[in-house]
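Letter by letter, the sequence shown follows residues 330 to 574 in our numbering.
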Amino acid sequence: MAVNETPMSTNDALKHRFQQVHDRIHQAEQACQRRGQVQLLAVSKTKPAALVRAAWQLGQRHFGENYLQEALGKIHELADLDDIYWHFIGPVQSNKTRDISSHFDWVHSVDRLKVAERLNDQRPDALGPLNICLQVNISDEATKSGISVRELPALVQTVVALPRLTLRGLMVIPAPEPDPARQRAPFRRLAETLKELNSTLDLSMDTLSMGMTDDLEAAVQEGATMVRIGTALFGARDYPKGNPS
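Rendered as structure tokens:
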């Protein structure tokens, strides 16, 4: 390091990564002629509220959290930011639906009717309908959360009738795949599933929540409307012992 050179500040590093991620999204959009169709969801789990505020100051408005208690602390600390939108993207436990339905704008990880009904019943009227995505286990992995494609139509038909929820679309977390060409297959199947559901059930779901740091390009090429990016924006996560739930 040169004598007068100083390490990049945390906010400067965030600004640099923020621009890099936007460049990746824009380049992926241009490659498939989808300019301006993909929204960045900044996954801020394990990161402090101060870093979320710094990202907000850069223009980011949508943030994803996995751990409820951690998220509630940030939501309280950042309550002065009235145009910030919180997305719950972790597993939804039945005993936490009240807090989730009361504090979040979106839930991406609904995979069973019981959870959907609890979110609906516990959503405060003053907040308006809660946006949700149904998490799909696209490859029927035994260890993966999500509803199977086979069971999805029945759940969709029930959820769309719940008055305090707005079914926006589908979410997927596919198995890690290093080959960019093979990354596209599960995303393509999810996009086809959404299109078929809209057609056969006369719906207008508009959201495909898919793609993360290592596969966002493949997701965008197959129709993602929202990519969930954490590491590429905020750096590696430092998980404490006993993750907050």
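Beta carbons are placed, not taken as given, at the ideal position from N, Cα and C, and that holds for glycine.
- Between Pro503 and Ile467, the CB-CB gap stays under 8 Å.
- Sequence-distant partners of Asn340 (beyond 5 residues in either direction) whose C-beta falls short of 7 Å from its own C-beta, in its chain, are Ala383.
- Nearest Cα to Met534 within the set Gly393, Ala483 and Thr522: Thr522.
- For the 8 Å CB-CB criterion, Ser373 and Phe347 do not form a contact.
- As computed with DSSP, His416 is found in a beta bridge with Gly393 and Trp435.
- Secondary structure note for Ser533: it is in no beta strand (DSSP E), with a DSSP letter that is neither H nor E.
- Look at Asn466 here: in three-state DSSP terms it is coil, with no helix or strand label.
- Per DSSP, the beta bridge partners of Arg557 are Leu370.
- For Leu442, the uninterrupted alpha helix (DSSP H) run begins and ends at Leu442 to Gln451, by DSSP.
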